[in-house]
Amino acid sequence: MIPKRIFYVWGYGELKSQVANICIENWRMMLPEYEIIEVNEKTTEWFNFDYEYNNCLWFKTVYDLKMWAYVSDYIRVKVLYDHGGIYSDTDITIYKNIDKFLNKKMFLGNQINNIPDLAFFGAEKNHPYLLDMIEFYNKEIWKDSNYIIINIFRKILKDKYRVYYDNSKIYDYDDITIYPSEYFFPYFYTENFTHNMITTNTHTVHWCNASWMIKKNLFFLSNKHRIPLKVLLKQLQFIEKHDKEANKKIKVQQIQQERL
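When we follow the working numbering, the leftmost residue of the sequence shown carries the number 56, and every step to the right adds one.
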């Protein structure tokens with residue numbers, strides 16, 4: 056059975072955003088019996104940061120590049136594999152009690168575009184699908200074009216376990232249950248949210264901050280399997296420098312226009 060605890064990832068010396076604070080408070084209000092656990096560089100009880108940093112090149116690289124969305128991807132998988140529980144992004148609000156999902160070995164929902172989403176999901180400790188993901192991050196990711204967590208998970212589901220799903224109904228397998236989008240992800244980040252998207256089955260809403268859509272990050276992720284890491288890191292430095300200079304020019308232009 057999945058334990059009553061919700062993990063979220065926050066660290067890097069940054070203050071929580073207003074959105075994150077609102078969402079976490081919502082969890083506490085809607086699920087008062089659940090333990091809400093922040094995972095960061097210092098919470099060694101749940102995640103051994105130093106060990107993972109020194110032993111997983113992917114984790115070290117995305118951490119050093121401050122690609123926090125991808126740091127969180129690895130942490131959520133490792134924490135739920137080691138301890139069991141529920142993971143939630145900090146831009147998700149809960150609409151209904153989620154106790155009925157705890158008797159599943161693993162549960163998650165589809166996006167509207169029929170891709171299983173791991174922004175909110177639960178799993179028992181030592182779930183084999185999560186172990187496969189950890190192994191992918193440690194080995195295959197440098198050879199494979201995939202880098203988004205949902206695409207990695209979809210690849211594992213289809214290639215290794217032959218799990219079939221679509222957005223038409225609940226797919227309840229022995230090791231995993233996949234729900235239609237209305238349960239956890241009733242709207243897509245490219246849409247404008249309306250309350251008509253909420254149904255009687257809706258338990259969460261993902262507000263989609265999309266922190267992963269950054270030019271420098273996307274360049275790294277799309278080339279990690281094509282370019283040697285040392286060369287790629289040098290190219291990233293050039294891109295970052297160029298973007299800073301461009302942003303500085305834009306800011307100067309904005310100030311000058313305000314003075315006119």
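Here a beta-carbon is modelled for each residue, glycine too, at the ideal position from N, C-alpha and C.
Proximity of the region 172–186 to the region 121–138 meets the contact definition, three or more beta-carbon pairs being nearer than 8 Å.
Sixteen is the threshold: since fewer than 16 other Cβ atoms of the shown chains lie within 10 Å of the Cβ of residue 197, the residue is exposed. Residue 194 and residue 88 have their C-alpha atoms spaced approximately 38 Å apart. With contacts defined by Cβ atoms closer than 8 Å, residue 209 and residue 171 form a contacting pair. According to the DSSP assignment, residue 184 belongs to the alpha helix (DSSP H) that extends over 183–193. Linking residue 106 to residue 92 through their CA atoms gives a straight-line distance of about 20 Å. Cβ atoms of residue 65 and residue 103 stay farther apart than 8 Å, at about 17 Å. The C-alpha of residue 238 is placed about 33 Å away from the C-alpha of residue 99.
Spanning the alpha carbons of residue 160 and residue 222 requires a straight line of approximately 20 Å. With contacts defined as CB atoms closer than 8 Å, residue 191 and residue 211 qualify as a contacting pair. The beta carbon of residue 118 is closer than 8 Å to those of 108, 126 in its chain, skipping five residues each way along the sequence.
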